[in-house]
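Counting with the numbering used here, you get residues 1101 to 1388 for the letters of the sequence shown.
A virtual CB, placed ideally from N, CA and C, is assigned to each residue, including glycine.
Given the structure is predicted, the values throughout are model-derived calculations rather than measurements.
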Amino acid sequence: MRLFARGRHVCAWLISGPHRGKQACPEVRVSGRSLSLLQSNTPNPACQAITILNNRTSNDTECQRCGACCLKGGPGLHEADASLFHGPEALELSFVVTFRAGEPVHDQVRGRIAPLEREMLKLRPLPGATACAHYNHKARACALYQRRPLECRTLSCRDTSALAEMYDKARLRRSDLLPQGHPVLAVMAEHEALVPVARIAGLAAAFLAGGPQAKKAEEELTRMALCDQAFRQKLTQLANIGPEYHDFFFGRDASALFAAAGLSLRPDARLGFRVQPDPLCTAPLWRT
Ligand code: SF4
């Protein structure tokens, strides 16, 4: 797999990239290491935008700190949130999960589940929980409050029109948080081509229908699951990027995507994985 050579390159770049540590603002953090985001001293427009928001107090929505929104999950991220990932207090990319284009997500404004037209990033919850990882349950407070993401600043429980207006606009993408031309971008593109989200719902439907196409669909789904697993393993082995970052680089893994389509994966000594109907799923979230 070409990933090997790229992986070595990624590793070398991450540890000793030519711009490492040069600028406070244009850096993003992976395992305490920095990735240069820009190659010039041009002010980052995202940083300027967030500075304006930080200074805006008179129009800010007065939050009663009930925690209701934080308990539902982390916010989607927008271009103005890019500055959260720069500088001395930069958030690690392990706090971010990618939802790839084509994945079904709950549209909080329209109140329905719909496939994404383009990818989006979200602050993730803690494992096994739904609340935003930055919500402090005991103190009922946000650990990022002074620099909380744009959606959190915009949401007013009393009037959600401002959130509705900006909800699906100027969303942050993975490439916005990585250095331009970085070799890991090519690895992500290869993963996208070999594990195409858009095919999962159709293949799952063919498999579950049990008709003449079922066997072929099963084989294709198994290949995708193995491929997804291989990319994640190689990223750790060759670039020393741990599993906690994989959902940022490659999005949610095959088992999470398949679960939304009513399937589960179980280990198989001969095939690696075996695809099967999820016995706990009565109505798949994701259909063709
Ligand atoms: S970032 Fe803060 S305000 Fe936003 S959902 Fe998380 S805990 Fe709540």
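- DSSP places Arg1366 in the strand class (E or B) of the three-state scheme.
- Under the rule that a run must span 3 or more residues, no beta strand (DSSP E) segment is found entirely inside the region 1298-1329.
- For Thr1198, the three-state secondary structure derived from DSSP is strand.
- For Gly1228, no pairing in a beta bridge is given by DSSP.
- The three-state secondary structure of Val1205, taken from DSSP, is strand.
- In this structure, DSSP gives Pro1283 a helical state, which the three-state scheme calls helix.
- For the pair Gly1211 and Phe1348, the Cα-to-Cα distance works out to about 25 Å.
- Around the beta-carbon of Leu1226, fewer than 16 other beta-carbon atoms lie within 10 Å, marking it exposed.
- A buried status is given to Thr1198, since no fewer than 16 other beta-carbon atoms sit within 10 Å of its beta-carbon.
- Partner residues in the beta bridge of Arg1212, as assigned by DSSP, are Asp1207.
- Apart from sequence neighbours up to five positions away, the residues of its chain that approach Ala1168 with a beta-carbon distance below 8 Å are Cys1257, ordered along the chain.
- The criterion of a C-beta distance shorter than 8 Å is satisfied by Tyr1235 and Cys1170.
- Counting along the chain, Phe1358 sits inside the alpha helix (DSSP H) bounded by residues 1354-1360.
- Leu1184 places its beta carbon 8 Å or farther from that of Arg1271.
- For Pro1377, the beta-bridge partners assigned by DSSP are Leu1363.
- Contact annotation, Val1196 with Phe1307: C-beta distance approximately 31 Å; criterion of less than 8 Å not satisfied.
- If the five residues before and after Arg1332 are omitted, its C-beta is found closer than 6 Å to the C-beta atoms of His1346, all from its own chain and listed in chain order.
- For Gly1228, the closest C-alpha among the options Glu1320, Ser1364, Ala1356 is that of Ala1356.
- The nearest non-hydrogen atom of ligand 1 is less than 7 Å from the C-beta of His1234.
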